[in-house]
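The sequence shown begins at 677 in the numbering used here and counts up one residue at a time. Beta carbons: idealized from backbone N, C-alpha and C, even for Gly. The structure appears below as structure tokens.
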Amino acid sequence: SLQMLQTEIQGLKDQVQELHRDLTKHHSLIKTEIMSEILQKSLQMDVQIAAHYSAVEMMRSVFEEVWEETYQRVANEQEIYEAQLHDLLQLRQENSCLTTITKQIAPYVRSIAKVKERLEPRLQEPKE
677 SLQMLQTEIQ GLKDQVQELH RDLTKHHSLI KTEIMSEILQ KSLQMDVQIA
727 AHYSAVEMMR SVFEEVWEET YQRVANEQEI YEAQLHDLLQ LRQENSCLTT
777 ITKQIAPYVR SIAKVKERLE PRLQEPKE
């Protein structure tokens, strides 16, 4: 796994750092076997990293398909959301127009109702 590769690379880095420190600060001789082991391990790591990279790269098409589906779903949700906002604004505007019209005709309706009451008293409910 990627984490194991990272751990092994960190181990190699630590070994190389230690070798470098021994060489520069202590001026001690470094055994060539240790250098060979590090180089060999580094080459093995390169092969493992390349294999892991190939495996991950092969998954790209699967991920791209999932990403495209997700993108399409999000785009659809955004479209629905925007349409709902638009519909609500339109309803608000229609309601505002209805309110205005109702306020404008209310006096006429009341006036006609009063005239009708006077002209047709029998339509009124009987008073007890």
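Note to self: Please tell me whether M734 and I685 are closer than 8 angstroms, where the distance is taken between their beta carbons.
What the structure shows: no
Checklist line | Y729 at chain B interface by Cβ criterion, 8 angstroms | finding: Here chain B cannot be found, since the structure has a single protein chain.
Notebook entry, point to check: Could you give the distance in angstroms between the alpha-carbon of Q760 and the alpha-carbon of L774?
Noted result: 21 angstroms
Next item on the list: Please state if the CB of I714 and the CB of Q691 are separated by a distance shorter than 8 angstroms.
Entry: yes
Next item on the list: Locate the alpha helix (DSSP H) running through E796, then write down its first and last residues.
Entry: Element bounds for E796: n/a, residue is neither H nor E.
Check: Is K707 helix, strand or coil by DSSP?
Finding: coil
Next item on the list: Could you tell me how far apart the beta carbons of L688 and S718 are, in whole angstroms, since I believe they sit closer than 8 angstroms?
Entry: 6 angstroms
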